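Chains as they are written, first to last, in the UniProt record's numbering: chain A, 1 to 346; chain B, 1 to 346; chain C, 1 to 346; chain D, 1 to 346.
Glycine included, every Cβ here is placed at the ideal spot set by N, Cα and C.
Remember, predicted model here, so these are calculated numbers, not experimental data.
For reference, the structure is listed below as C-alpha cells.
Protein chains: 4
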Amino acid sequence: MLRVAIIGASGYTGGELVRLLSTHPDVTVTAATSRQHEGKPLSSIYPHLHQRTDLICTNPTSAQLAELADFFFCAVPHQAAMALVPGLIEAGRKVVDLSADFRFRDIAVYEHWYQTHSAPELAATAVYGLPELYRERIRPANLVGNPGCYPTGIILTLAPLLHAGVIDTRSIIIDAKSGTSGAGRSASIATLFCEINDGFRAYKVAGQHRHTPEIEQHLSDSAGHPVTVTFTPHLLPISRGILSTIYATLTTDADEDQLRELLHQRYHNEPFVRVLDRGEQPATQYVRGSNHCDIALTIEERTNRVILTAAIDNLVKGAAGQAVQNMNLMCGYDETAGLTQVPLFP
Amino acid sequence: MLRVAIIGASGYTGGELVRLLSTHPDVTVTAATSRQHEGKPLSSIYPHLHQRTDLICTNPTSAQLAELADFFFCAVPHQAAMALVPGLIEAGRKVVDLSADFRFRDIAVYEHWYQTHSAPELAATAVYGLPELYRERIRPANLVGNPGCYPTGIILTLAPLLHAGVIDTRSIIIDAKSGTSGAGRSASIATLFCEINDGFRAYKVAGQHRHTPEIEQHLSDSAGHPVTVTFTPHLLPISRGILSTIYATLTTDADEDQLRELLHQRYHNEPFVRVLDRGEQPATQYVRGSNHCDIALTIEERTNRVILTAAIDNLVKGAAGQAVQNMNLMCGYDETAGLTQVPLFP
Amino acid sequence: MLRVAIIGASGYTGGELVRLLSTHPDVTVTAATSRQHEGKPLSSIYPHLHQRTDLICTNPTSAQLAELADFFFCAVPHQAAMALVPGLIEAGRKVVDLSADFRFRDIAVYEHWYQTHSAPELAATAVYGLPELYRERIRPANLVGNPGCYPTGIILTLAPLLHAGVIDTRSIIIDAKSGTSGAGRSASIATLFCEINDGFRAYKVAGQHRHTPEIEQHLSDSAGHPVTVTFTPHLLPISRGILSTIYATLTTDADEDQLRELLHQRYHNEPFVRVLDRGEQPATQYVRGSNHCDIALTIEERTNRVILTAAIDNLVKGAAGQAVQNMNLMCGYDETAGLTQVPLFP
Amino acid sequence: MLRVAIIGASGYTGGELVRLLSTHPDVTVTAATSRQHEGKPLSSIYPHLHQRTDLICTNPTSAQLAELADFFFCAVPHQAAMALVPGLIEAGRKVVDLSADFRFRDIAVYEHWYQTHSAPELAATAVYGLPELYRERIRPANLVGNPGCYPTGIILTLAPLLHAGVIDTRSIIIDAKSGTSGAGRSASIATLFCEINDGFRAYKVAGQHRHTPEIEQHLSDSAGHPVTVTFTPHLLPISRGILSTIYATLTTDADEDQLRELLHQRYHNEPFVRVLDRGEQPATQYVRGSNHCDIALTIEERTNRVILTAAIDNLVKGAAGQAVQNMNLMCGYDETAGLTQVPLFP
C-alpha cells in the first residue's frame, strides 16, 4: 500500500481527497496536516468522515514532512505550496500540488498574476496535470501541478476544436458558473449562506480572474499559437459544480455531427469524459460527486457560432479527483482507481 | 378607484399582480379569473395572500368578461390570449397582455416562432410595453404587449449602446440565467425541486428560445438595422431573478467611464433602472421582489470587448411589475405607484 | 416627520429596518451607525438599497448619539446595547432595543443566561415588546425590549391556550426551525453557504438556547404559574423564516374547532396574526418579507395532544418589523404603518 | 454474479439502486422495468447514469417477469407491488419490496391505513427489513418488506431505549423533517422547485401519515407492549435526508453517558449506525449519499426528558441502500457490499 499524505487537510479539497482515497485499493492515507487543527481528529472537522477515518491532524516541521509518506497531495494555498514542495521533491517524494504554484511553465506569467515565485526552476519542470491532454508526460513526473477548477472543463472542451483548427481563436468567449465550494472553507461574509442563497452574480469580470492565463496557456498549446479569451466567472447557489458555456465563431463548413465526432474521437476511450448526443445538455447535478466531465456541442447556423457546454464537479474533476487520477498515472495504478463513484442525483 | 381584473390569476404572475396591486393607491382588483379554480378563494391557491385579498376565482364567459373591470391584465398563455383580448378592446377596455401574442409588430415573425395569429391586425397596433424605451407610445395605448422576462433586462442594457453605435452588432452574445419561476406553476417533472436544486444547466441552446426574435426586433430598432444575436438561456436553482451577461466587440475608442456615462445619461431619470458604479456588479438577490433593473458595464481591453451584466426579478420587472408600470402610464397615474417595494435581501 | 436612527445598521436587522421604514409615512431615517463601516454609504454594504437610501454610516461618540434622532432602534449585540441605551433614555429619547438586554424583568434570570447587567434598574422598567400581548404597556413606554425571534411566534401561539388553562403546562415541547439569517451577518465557517446548503440539523439541544428563559417568562405570565418547556432549535437551509411545531397535552374536552375558536377570538382583530382554518398549515414561504404570524391548531385524539404550528419571518415579525410595530405604538402612529408588505411568494 | 432486476426503475429509488449496485462486486443488474419509459435507455431518464449503465427499460408481462433475474427489487407504489410480488415468490425468486405492501404482519392495520390487501397470507410471512433489529430473520427470508424512510431512523433510535425500559412509552413525540425526494419523481405542483425552495412546512399533522402505524408496530415490539406516538412530518428544502428529533420522558435515573452507552453497546458492531459523542449532533449533510444512520442522545435535566436526533439519507438507508443491505443478508454476501460510499459533503 502506498503511504499518502494530505498537506492542508482541513479545506474542502482535503476532505474530498479522504473521501476518494478511502475507496482506493492501493493506497492508505497515513497523514493529514493542518496547522489550525493540530491534534484534532479529522472527523471532528469533517463529521461526515466519522468512523470512516481515524486520522489525527498533525502539524509537522518541514523536516518531518517528507518522512510522513511516499506520496503527497499538497492542498495549501498558493505561495504556501512553493515553500513546501521543493523539500519533498528533493527528498525523492512524488507530489501533486493543488495550488497554482506549479501550473505555469512561464514563470513571468505566474509572477504577473500571482507573486514572486521562490522555486522557479522547479516550477518550470512541473507537469500540468490534465491527464486527457498530457497523460504521457504525467506518468514519469515527480511533480504535477493540478489544474484549476475552471480551466479543467474549459480546456477539455476547447482543445480538440483548437487542435483541429475549426474555430476562430480570437472569438472565444467563456461564460463560466461555479458552485460556492470553489471559494473554500474560510470564514467570510461574502460566502455566507444568506449572501449566496437564492441569488446569482458575476465576479472578477473582464479577465480579472487568475484562471484566465492558465486557460490561455493550454488553449494556446492546443491551437499552436497564442489564444486570448474572454472569461467571466459567476457564483452559483450550489455547493458543487461548474458549468461553462463557451462561444466561438466557426472557420469550417463542417456540420454539427462532424464537429461532435471530433470530440467523440478524442474522448471515446477516456473513462471520465462523456460527450453528449445531439439535443442533450450537461448539468452540474449529473456529475455531482464524480470525476466526470460532460460536454455538449451545438452549432448555431444563424450566427455561424459553435456553443459548447461543459459540466464538472469542481471538487472532483476540478480538484481532488483529478489529483487522484494524476497520482494513479504517476504510480502506475489503474487510472480510475478510487474514482469510480457514480454521480449522486438527486 | 380603477376597477382592475386579472385574467388567469392562478399562475405566478397572477399572484404577483395581486401582491403589487394591493399597495396601489388608485386601483382595486375586482376580478380574478381561473378556469381550473373557479369558485375557490384566491388565497386558497396562494396562501401567502390569506387575509390580504378576498377575491374568489371566477370563470366568466367571453361576453361577461368585459363587464368585470375597466382595465385588464391578461395573464393566460399565448394563443389563449389572442382569443380573449380582441373582445376586450372592442368593448373599450384597456389591456396589458402578458403573453407573447401582442409583442410582435411583424406577424410573420410571430407566426414563424409561435403559431398562426387569429388577430393579426390588432397585434400590429399593439405597443411593446417597455416604458424606458417606448413611454410615449404606451401612454395613449389601449393594448400593450408586456415584454418577455429575458428581453426586458437585455434590451434595456443594450439599447443605449446600439443607439450610440459603439458596438459591432454582429458580435452580440447573450448568456442569460433565469430563476425557475420563469417556467410557471404547472405540474412537471423537469421543474420539480429535486431536479433543479443544487444544480445548473443550459436549455434551448443555439437560438431555439422564442425570446430570441423578440430581443432581436428591439435591438434592431435601437441600432437602426437588423441585429442577430446569440442567446443562451440557463436555469438557476433560485425562485426569482434573471441575470444576463452580455458580450459585444467595441467599435469605439471611448473608455469605460465614457460608455458608462452613456447608460447614466439614458437612465438617470428612470426610477427603476440603476446603473452601477465601476467595480460593482448586479446580483439577482439585490433586485428580488422589486421593479428594479440593475446594470453594470465593464470594458475588457485585452479583447476590446464590453461586458454588460443586468439583473431583474423576472416576476416583477420581467412580468407583473412592468405590467403595472404600463398600466400606470396608460391610465395617467404616477408611474411608480404600486411599485415602490424595496428589494428583499437576504 | 419623526427623526429615526438605527444603531448598528450593518447587520441583517439594520438593513431590514431601512427597507421597512422606507415605506413609513411618518418617519425619516436620519442616521445609521456602524463602527466597522464608518464613512461608507449604507448602500455599499447593502447593494439592494442602492438609490433607495443615501445614508452614510457614522460612528458617533456616546455624547453625540442622542442628538442624531428622536427615536432609536438599537440593533447592536447584547452587552453592547446596555452600554448605549441608558444614555439615550436619560436624554429623553425613545428606544426599541433589539438585543436581549432589556427583555428580562428578572435580572437574575438575565444574568444567569447572559452576563452581569450594567443597567439593571432600567431593564426592570423596560416593556417587553410583543404588541399582541402587551400593547397597552408599550404605548406609553420609553424603552421597549424587542422580543427574540424564536419567542415571538411561540408565545403568540401558546399564550391564548395557557390563559384559557386548556393544556398541561408541564407537557410543552417546542421543536423550532429557523432560517440562517437568524445567525447574523458575521464571518463564520459554520454558516457558510456550503455548510448549510442542502442540509439540516439541530443545535443547542436540551435547553441550552438563551431564548428558553425568555419563552418561559412569558408563557408563565400567560399561565399564571411557572412554566418549564423543552425547546429545540434547528437550522434550516433558508434565508428567512421560523416555523415552530409545538406539542402539549390537553386538559380539556373541548374539540379542535372550539380550541381554534380561542385563537380566532384572541386574534381576529390583530392585523398581523392569521389563524388558519382546519386542514391548513403555515409555511415560512407564505410569510416571507411580511410582519405576519400564521398559526394552525390541530388536535391528535389518539394521544390527547394539541399540535400547534406557527410561522414568521424572523427578520420581520421576529425582529425589525416588530420593532417598527412597537415604534408605531410608542409614537401614536397607525400600528401597521410601514408594515403592510404582502408576503413575497415564491 | 447474481442477476438482479429492478421493477419500477424510473423513480428516484430506482436510479439510486442502479448507483449503488454499480459498485457491488457480486451482482449484475440485468433488467430495469418501466411501463412509461419502455424501450428507452435508463440513462436517458437519468442522465447522471450516462455511460454507467446500458440498461434499456422494458415492460415485461407478469409471466416474463420472473425470468428476468434471480433477485428482484420491487420499487413500484403500494398496491401495484402486491400484484407483482406473489408471482415472483411462487417462481422461487427472492424479493425485496420497497413499497408498504409487505411491511405489516397485521393485515388489519395495513388495510386500515392503506387499502384491501390481495395477498394477505404472503404479507404475513414477509420479514420487515431492518437489519440492525431483525438480521437473523432476514437472512433466510425470500420476501422482505423494506422499511419506510421515516420509520428507519426513528426505530433504530428508539428501539434500544424501549428495550431497556428507560422511557415512558406514552410520552414519545417524533418531529421529523424530510427532504423532497421522499415525495417521488412525479409531476406535481406541490413539489415544484418554487413551492419548496427557501421554505418549510409541516404536513399530515396529527397522526395522518401512513408511517405512523409502521413506527408504532416496531416500537411496540421493542417495548414489549403497545406504543402510541405523536409523529409530525415536515418538508425540507433539500433533496436528500431525514432528520428526526424525538422526545421522551425518562423513567430511569441513569445519566446521559449511561443512556448513550446503551446505544453504543447496541450499535458498536453495526457498520452503518454511528452513535455520536456528547455534544455532537447529526446533520443530513453528513450522511448524504451513504447508508449511515447517525444518532445523538441528550438528556434535558430540567424536564427529565431525553432528546434524540437521528439523520439518514432517505434514498439510501431510507430506501435503496437498506434494500441492498437486505439483499446482501438474503444472499450471503458481505453486508456492506455496494454500500461503502463515504457521505458526500459539502
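Between residue i and residue j, how many whole angstroms is the CB-CB distance? I'm expecting something under 8 Å.
i, j, result
"residue 317 of chain B", "residue 152 of chain B", "6 Å"
"residue 75 of chain B", "residue 11 of chain B", "6 Å"
"residue 193 of chain D", "residue 284 of chain C", "With 8 Å as the limit, residue 193 of chain D and residue 284 of chain C do not qualify as a contact, their Cβ atoms being about 16 Å apart."
"residue 128 of chain A", "residue 103 of chain A", "6 Å"
"residue 300 of chain C", "residue 230 of chain D", "6 Å"
"residue 171 of chain A", "residue 342 of chain D", "Not really, about 43 Å apart at Cβ, beyond 8 Å."
Just the chain B side, please: which residues come within less than 7 Å of residue i by C-beta, in chain order?
i, result
"residue 206 of chain A", "298, 299, 300 and 307"
"residue 51 of chain C", "274"
Interface residues of chain A around residue i at Cβ under 7 Å?
i, result
"residue 177 of chain B", "200"
"residue 343 of chain D", "48"
Can you list the residues of chain D that residue i reaches, using a CB-CB cut of under 7 Å?
i, result
"residue 191 of chain B", "192 and 193"
"residue 181 of chain B", "194"
"residue 252 of chain C", "Neighbours of residue 252 of chain C on chain D: none; closest Cβ ~16 Å, over 7 Å."
Relative to the C-alpha of residue i, which residue among the options is closest?
i, options, result
"residue 286 of chain C", "C:313, C:307 and C:297", "C:313"
"residue 120 of chain B", "B:90, B:154 and B:82", "B:82"
"residue 281 of chain A", "D:8, D:13 and D:48", "D:48"
"residue 240 of chain D", "D:276, D:177, D:273 and D:300", "D:177"
"residue 26 of chain A", "A:211, A:333 and A:135", "A:333"
"residue 395 of chain D", "D:272, D:288, D:67 and D:229", "The displayed coordinates of chain D run from 1 to 346. Any statement about residue 395 of chain D would go beyond what the structure contains."
Looking at the unbroken alpha helix (DSSP H) that takes in residue i, where does it start and where does it end?
i, result
"residue 200 of chain C", "First-last for residue 200 of chain C: undefined, no H or E at that position."
"residue 137 of chain C", "131-138"
"residue 174 of chain B", "Looking at the DSSP string, residue 174 of chain B is not in any alpha helix (DSSP H); the run it does join, the beta strand (DSSP E), is 173-178."
"residue 329 of chain D", "321-331"
"residue 109 of chain C", "107-113"
"residue 85 of chain C", "80-90"
"residue 318 of chain A", "No alpha helix (DSSP H) contains residue 318 of chain A, which DSSP labels as neither H nor E."
"residue 167 of chain A", "Taken as a continuous stretch (DSSP letters only), residue 167 of chain A belongs to no alpha helix (DSSP H), as it is neither H nor E."
"residue 122 of chain D", "120-125"
Beta strand (DSSP E) containing residue i: first to last residue?
i, result
"residue 309 of chain D", "305-312"
"residue 189 of chain C", "Run containing residue 189 of chain C: none; DSSP gives neither H nor E here."
"residue 300 of chain C", "293-300"
"residue 145 of chain A", "143-145"
"residue 273 of chain A", "273-275"
"residue 72 of chain C", "71-74"
"residue 96 of chain D", "94-97"
What does residue i touch in chain A if you count any residue whose Cβ is under 8 Å from its own?
i, result
"residue 34 of chain C", "None at all; the shortest Cβ gap to chain A is about 13 Å."
"residue 324 of chain D", "Near residue 324 of chain D there are no residues of chain A at all, since even the closest Cβ is about 13 Å away, more than 8 Å."
Report the neighbours of residue i on chain B: residues whose CB is nearer than 8 Å to its CB, in chain order.
i, result
"residue 239 of chain D", "193, 194, 197 and 198"
Identify the contact partners of residue i in chain C, using a Cβ-Cβ distance below 7 Å as the criterion.
i, result
"residue 173 of chain D", "173 and 247"
"residue 232 of chain D", "245 and 307"
Name, please, each residue of chain C whose Cβ falls closer than 8 Å to the Cβ of residue i.
i, result
"residue 283 of chain D", "199, 200 and 201"
"residue 30 of chain D", "The contacting residues do not exist; residue 30 of chain D stays about 33 Å from chain C at best."
"residue 188 of chain A", "187 and 192"
Output, in chain order, the set of chain D residues within a Cβ distance shorter than 8 Å of residue i.
i, result
"residue 236 of chain C", "200, 236 and 237"
Does the CB of residue i have a neighbour CB from chain G at under 8 Å?
i, result
"residue 339 of chain D", "Here chain G cannot be found, since the structure's protein chains are A, B, C and D."
For this session: Give, in chain order, every unbroken run of the alpha helix (DSSP H) that is at least 4 residues long and sits entirely within the region 224-269 of chain A.
Result: Those alpha helix (DSSP H) runs which fall completely within the region 224-269 of chain A and span 4+ residues are 256-267.
Problem set entry | Length-filtered (4 minimum) alpha helix (DSSP H) runs lying within the region 5-65 of chain C | For the region 5-65 of chain C, whole alpha helix (DSSP H) runs of length 4 or above, ordered along the chain, are 12-21, 42-45 and 62-65.
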